[in-house]
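Each residue of the sequence shown is one higher than the last, beginning at 1302 in my numbering. All C-beta atoms, glycine included, are put in the ideal place defined by N, C-alpha and C. Computed from a predicted structure; not experimentally measured.
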Amino acid sequence: MPNRTATLAGAVLVVASVQGLAAAAGATLVRDGKPAGVIITAKDPTPAARLAALELRHHLEQISGAELPIGSPGDTSGGVRILVGQSAATRKLGLKGEDFGPQEYLIRVKGDTIVLMGRDWQDTEANRAEAGCDTHLRSLAWWRQTIDYDKAVGHGGASKKAIELPGVMDDQGTCYATYDFLERFCDVRWYGPTPLNVVLPSSKTLTVPAAEIRRSPSLKHRHGAGGGWPIIKVQWNNPTAEQTNLYYRRLRFGGEKWAGNHSFSSYQARFREKDPKHPELWERSQPGLFAVGGTGEGSWRQLCLTSPDLVKQVAQDARDFFDGKGLKGLQPACGDYFAIVPGDNANWCKCSKCQAVLAPGRKRYKTGHFGTGTASDYIFGFVNAVAKEVRKTHPNKFIVALAYHVYSYPPTFKLEPNVAVAPCVIICYGYQTESFANDVAFYRQWVADKGRRIHLWNYFHHPMEPAIIQKWNCFPCFMPDVISRWVKQYHRDGVQGFFLCGIGQQLDYYLYMKTAFDVEVDYRELLDEFF
Ligand SMILES: [Zn+2]
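Structure, rendered in structure tokens:
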């Protein structure tokens, strides 16, 4: 107890005693540029723990110049033990990965032991066999990219070995714990994928305070990739694909398995046989599935959404997926969610049954904006019919619908409880304020349906995307206060997660992802740091 010896003390000794207490309560990882600890992983770590250990070592070395060894639970080389992921050492402390909820993680700094762990995806044959496609129609397996880690972080040269990244929608609580630890206690900031975008302090000694943080991300599904636009390329310093993929892990991109997008583009190939001599056979090959009359040939051709045959077929596809029999063609479906969203046009079926359902809605929420409700009863009638079928056999699974375009507003009837809806709403406030107000109006109606599983398709690409397509110059959208206010509002409204359609520029994307991971962050602090 230093303060007991300070009987003759002045202010200097009082300060020293306070520092002494702080150091005693925390853990020193690096002292005078030399390692003062060891990183411990299981002998056969999960993909998340393997990446987390490399990332921890790399960033601590960047800060201090000291390279901490990575060892296994038996190591007793002295100093602070940093337990990364579940191992025999964490089990001794009563900590097991399977006791954590999905995406939940723990940061514990206590005495000479630091724990960074959570629930991690296990690399088993069964787990690798799981089918699933995200909103971009990229499979779960596609997202387990292999990278040359040393090259991606700028160690230079080709490395000794490539590593497989944890899939973005695979459990990776150990990575979340490690990245949160590096941000909170080591002041590391990732503003983009290349070494130039990483900001961290320089210090020969690194001590972190005692801590116990056990939490889960605020929003469960956090998706929205990009980087192809000129402004992002420059701001991100022309990253390689490997650097961008690593960056998504650092931003804690992904999370809950969810997907929502147009879903019937494979029906042509599956159910229509092309016979050039008898084009009329196109219609006859599977009577009752396809829209009749009108235009819209090709993969975006609409279906006859009042057809019992179609409801039966789509329900069967969903059941097959939930039963582990895989996906038929390009189908957004992931985890507990199976999306059914018509093609991206309003060339609806001209049969008398479909027209009879469409007719009464023609003036409903005819807003004059992109989002209306004129076809809501038609689309959600179909969604409801499929959901009702699937619910009989799979009551805990969800049918995903987008609330989009002419079916943005809720229908006039109550939806089945297993319908999960993603309103497609703009967040780029300054671009078109009247459209924004209309989107807010139907968003509020959806979230008022208490108990409904809601995700968002969030338009995040104005004005940059129209400017690129139409070749005009634009000042990029910059709206930190709007992002902060709305992402926090989404969380209060019980929104599960989001898909970002386009990412306009570096800072707004960073702020959005940071706020979604932890709505407690203060955007003004993040901005001050950035600038
Ligand atoms: Zn029809």
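Distance cut-off 7 Å: residue i Cβ against heavy atoms of ligand 1
i: residue 1593; result: yes
i: residue 1654; result: yes
i: residue 1635; result: no
i: residue 1607; result: yes
i: residue 1650; result: yes
Extent of the continuous alpha helix (DSSP H) to which residue i belongs
i: residue 1392; result: 1389-1393
i: residue 1483; result: 1474-1487
i: residue 1682; result: 1677-1694
i: residue 1452; result: 1450-1453
i: residue 1288; result: Residue 1288 is absent from the model: the chain starts at 1302 and stops at 1832.
i: residue 1796; result: Taken as a continuous stretch (DSSP letters only), residue 1796 belongs to no alpha helix (DSSP H), as it is neither H nor E.
i: residue 1616; result: 1609-1623
i: residue 1590; result: Where residue 1590 is concerned, there is no enclosing alpha helix (DSSP H), given that its DSSP letter is neither H nor E.
i: residue 1816; result: 1807-1818
i: residue 1825; result: 1824-1831
i: residue 1766; result: 1765-1771
i: residue 1571; result: 1568-1572
Rounded separation between residue i and residue j - CA only
i: residue 1817; j: residue 1328; result: 29 Å
i: residue 1534; j: residue 1452; result: 19 Å
i: residue 1558; j: residue 1439; result: 12 Å
i: residue 1409; j: residue 1351; result: 19 Å
i: residue 1420; j: residue 1473; result: 6 Å
i: residue 1777; j: residue 1805; result: 7 Å
i: residue 1490; j: residue 1501; result: 6 Å
i: residue 1476; j: residue 1469; result: 11 Å
i: residue 1443; j: residue 1729; result: 30 Å
i: residue 1388; j: residue 1347; result: 10 Å
i: residue 1431; j: residue 1391; result: 28 Å
i: residue 1692; j: residue 1414; result: 48 Å
i: residue 1554; j: residue 1724; result: 20 Å
i: residue 1542; j: residue 1664; result: 47 Å
i: residue 1323; j: residue 1509; result: With a pLDDT of only 44 at residue 1323, under the threshold of 50, the placement of this residue in the model should not be trusted; the figure read from the coordinates follows. Taking the straight line from one Cα to the other gives about 9 Å.
i: residue 1811; j: residue 1602; result: 38 Å
i: residue 1769; j: residue 1545; result: 22 Å
i: residue 1799; j: residue 1393; result: 38 Å
i: residue 1792; j: residue 1573; result: 44 Å
i: residue 1484; j: residue 1669; result: 45 Å
i: residue 1373; j: residue 1353; result: 14 Å
i: residue 1833; j: residue 1480; result: Outside the shown range of the chain, which is 1302 to 1832, sits residue 1833, and nothing can be said about it.
i: residue 1437; j: residue 1336; result: 43 Å
i: residue 1449; j: residue 1658; result: 55 Å
Continuous beta strand (DSSP E) stretch holding residue i: start and end
i: residue 1747; result: Run containing residue 1747: none in the beta strand (DSSP E); it sits in the alpha helix (DSSP H), 1734-1748.
i: residue 1362; result: First-last for residue 1362: 1348-1365, but that is the alpha helix (DSSP H), not the beta strand (DSSP E).
i: residue 1508; result: 1507-1509
i: residue 1638; result: 1638-1640
i: residue 1704; result: 1699-1704
i: residue 1382; result: 1381-1385
i: residue 1330; result: 1328-1332
i: residue 1339; result: 1338-1341
Other residues of its chain near residue i: CB distance less than 7 Å, five sequence neighbours each side excluded
i: residue 1517; result: 1402, 1404, 1405
i: residue 1511; result: 1326, 1327, 1410, 1411
i: residue 1358; result: 1340, 1368, 1369, 1371
i: residue 1713; result: 1678
i: residue 1530; result: 1765, 1769
i: residue 1465; result: 1348, 1445, 1447
Residues near residue i by beta carbon distance below 8 Å, same chain, minus five either side
i: residue 1716; result: 1681, 1684, 1685, 1688, 1722, 1750, 1753
i: residue 1796; result: 1520, 1748, 1755, 1756, 1757
i: residue 1594; result: 1650, 1651, 1652
i: residue 1429; result: 1442
i: residue 1399; result: 1420
i: residue 1622; result: 1432, 1628, 1632, 1634, 1639
Contact test: residue i Cβ vs ligand 2 heavy atom, cutoff 7 Å
i: residue 1519; result: Ligand 2 is not among the ligands present in this structure, which contains only ligand 1.
Beta bridge counterpart(s) of residue i as assigned by DSSP
i: residue 1421; result: 1473
i: residue 1802; result: 1760
i: residue 1407; result: 1418, 1515
i: residue 1725; result: 1758
i: residue 1523; result: 1555, 1799
i: residue 1604; result: 1591
i: residue 1465; result: 1447
i: residue 1708; result: 1705
i: residue 1499; result: 1491
C-beta neighbour in chain B for residue i, strict 8 Å
i: residue 1363; result: This model lacks chain B altogether, as it is built from one protein chain only.
Residues near residue i by beta carbon distance below 6 Å, same chain, minus five either side
i: residue 1455; result: 1496
i: residue 1836; result: Missing from the structure shown is residue 1836; the chain here goes from 1302 to 1832 and no further.
i: residue 1846; result: No information on residue 1846 is available, as it lies outside the stretch 1302 to 1832 that the chain covers here.
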